[in-house]
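Shown next, in structure tokens, is the structure this report addresses.
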Amino acid sequence: MKRTLSMTATVLGIVFIATTVAAQEETTLDACTDVYALSRQVMIYRQDGVPQDSLTAAMETEGAGQGVEVDLIRAIISDAYKVQRFDDHRQRQDSIDEFSNKTMSTCVQGS
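Going by mature numbering (1 follows the signal peptide of the UniProt record, and there is no 0), the letters in the sequence shown line up with residues -23 to -1, 1 to 88, in that order.
Structure, rendered in structure tokens:
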């Protein structure tokens, strides 16, 4: 129950970030920084073992009707679940850092 509440609160935060990206005219760096934060949180959930369908459903439910870039959220979640899940704390942290940095780099290069 506690994990579900925590996930819901964080999903709301992620939806807010995605809404902000969609709703404001931001510089490329600002938008990519928001994408970095989103990808980091998604990978934390991935490494914590949250099922992909649960995370996707929660984000889609929270983001419905709010102009959220749902395709962006889905793409980040899909990419995160292609990465191996680790038991070792250091490996988990490294995968979170690597994934979010890669997403940031891809965002900046694509803009």
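Positions of the beta carbon are idealized from the N, C-alpha and C atoms, including for glycine.
For residue j and residue i, believed in contact at Cβ under 8 angstroms, the rounded distance
i: Y22; j: M81; result: Not really, about 18 angstroms apart at Cβ, beyond 8 angstroms.
i: R69; j: Q24; result: 4 angstroms
i: V60; j: S72; result: 6 angstroms
Close Cβ partners of residue i (< 8 angstroms) along its chain, the five nearest in sequence each way excluded
i: L6; result: V85
Spatial distance of residue i from residue j (CA atoms)
i: K79; j: T38; result: 27 angstroms
i: T10; j: G26; result: 25 angstroms
i: D48; j: T33; result: 11 angstroms
i: E46; j: L15; result: 12 angstroms
i: T4; j: R67; result: 33 angstroms
Closest Cα partner of residue i within the set the options
i: Q31; options: E46, L49, D74, Y58; result: The identity of residue 31 in the sequence shown is Ser, whereas the question assumes Gln. Cα-wise, what sits closest to S31 is Y58.
Close beta carbons around residue i, own chain, < 7 angstroms, minus the five adjacent residues each side
i: R62; result: R23, Q24, G26
Practice task
Answer yes if the region 45 to 57 comes into contact with the region 18 to 36, meaning at least three C-beta pairs across the two stretches below 8 angstroms, and no otherwise.
Solution key: These segments touch.
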